[in-house]
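Chemist: Here it is: the structure, laid out below.
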Amino acid sequence: MTSTENRSQINYTVPGMKSDEAGQVVALLQDRLNALNDLALTLKHVHWNVVGPNFIAVHTMLDPQVDGVREMVDDVAERIATLGGSPCGTPGALVAQRSWDDYSIGRSDAIAHLGALDLVYAGVIEDHRAAIEKTEELDPVTQDMLISQAGDLEQYQWFVRAHLENADGTLRSADADTEVAAAKAATQ
9 MTSTENRSQI NYTVPGMKSD EAGQVVALLQ DRLNALNDLA LTLKHVHWNV VGPNFIAVHT
69 MLDPQVDGVR EMVDDVAERI ATLGGSPCGT PGALVAQRSW DDYSIGRSDA IAHLGALDLV
129 YAGVIEDHRA AIEKTEELDP VTQDMLISQA GDLEQYQWFV RAHLENADGT LRSADADTEV
189 AAAKAATQ
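Numbered according to the working numbering, the sequence shown spans residues 9 to 196.
Following this line, the structure appears as structure tokens:
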């Protein structure tokens with residue numbers, strides 16, 4: 009048996025849940041674990057690579073977000089283990105299992121990074137909400153954890169979006185569908 013097969017095998021789970029249901033939840037949570045690990049690394053990357061007049065505001069805004077997301081990572085991994093699964097947080101597994109590309113902005117203006125980061129948050133939040141729906145019947149305990157995390161992620165995105173909002177309430181990067189396009193739109 010390979011280590012991947014071993015991680016997906018559920019030999020026991022929490023009382024009141026069937027192993028096949030736990031396996032479904034573990035698979036959903038592994039995807040969330042990958043996304044949150046990637047988000048924490050991306051936030052730190054942005055933290056290190058922001059420049060320009062808004063540097064200090066963005067630089068210091070991101071550290072609490074990194075800490076919050078890292079706490080979510082730990083909660084998700086521990087929930088996987090509680091359900092009888094084996095969380096995988098290695099970089100190789102994250103890259104092999106993810107459905108998205110690496111963050112594409114290097115050293116750049118703080119506002120450009122925030123434009124791109126808004127798209128990153130949107131993707132993570134959309135997928136979190138989909139997992140919330142899927143866990144409604146399967147596991148309300150996991151669903152509750154995901155709901156709480158989604159609320160925090162939405163607040164973090166609001167902090168990002170506050171820098172991108174025009175006086176009329178629109179977002180400068182609203183029509184962008186790539187990180188590069190969002191970064192460019194945010195600075196215009």
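Ideal Cβ placement from N, Cα and C applies to all residues, glycine included.
By DSSP, does residue 116 sit in helix, in strand, or in coil?
Modeler: Three-state result, residue 116: strand.
Chemist: Return the Cβ separation of residue 84 and residue 122 in integer angstroms, given the expectation that the two are a contact with Cβ distance under 8 Å.
Modeler: 25 Å between Cβ atoms; not a contact.
Chemist: Would you mind reading off the limits of the alpha helix (DSSP H) that contains residue 47?
Modeler: Where residue 47 is concerned, the enclosing alpha helix (DSSP H) stretches over 27–57.
Chemist: Drop a sphere of 10 angstroms on the beta-carbon of residue 128, count the other beta-carbons inside from all chains shown, and report buried for 16 or more, exposed for fewer.
Modeler: With 16 or more Cβ atoms within 10 Å of its Cβ, residue 128 is classed as buried.
Chemist: Quick check: residue 62 and residue 118, are their CB atoms within less than 8 Å of each other?
Modeler: In contact: residue 62 and residue 118 (Cβ atoms closer than 8 Å).
Chemist: If you follow the alpha helix (DSSP H) that residue 76 is in, where does it begin and where does it stop?
Modeler: Here the alpha helix (DSSP H) through residue 76 covers 63–90.
Chemist: Please report the straight-line C-alpha distance between residue 159 and residue 135, rounded to a whole angstrom.
Modeler: In a straight line, the C-alpha of residue 159 is about 13 Å away from that of residue 135.
Chemist: Look at the alpha carbon of residue 24 and the alpha carbon of residue 166, and state the distance between them as a whole number of angstroms.
Modeler: When rounded, the distance between both Cα atoms is 38 Å.
Chemist: Would residue 18 and residue 92 be called neighbours here (beta carbons separated by less than 8 Å)?
Modeler: Contact flag set, yes.
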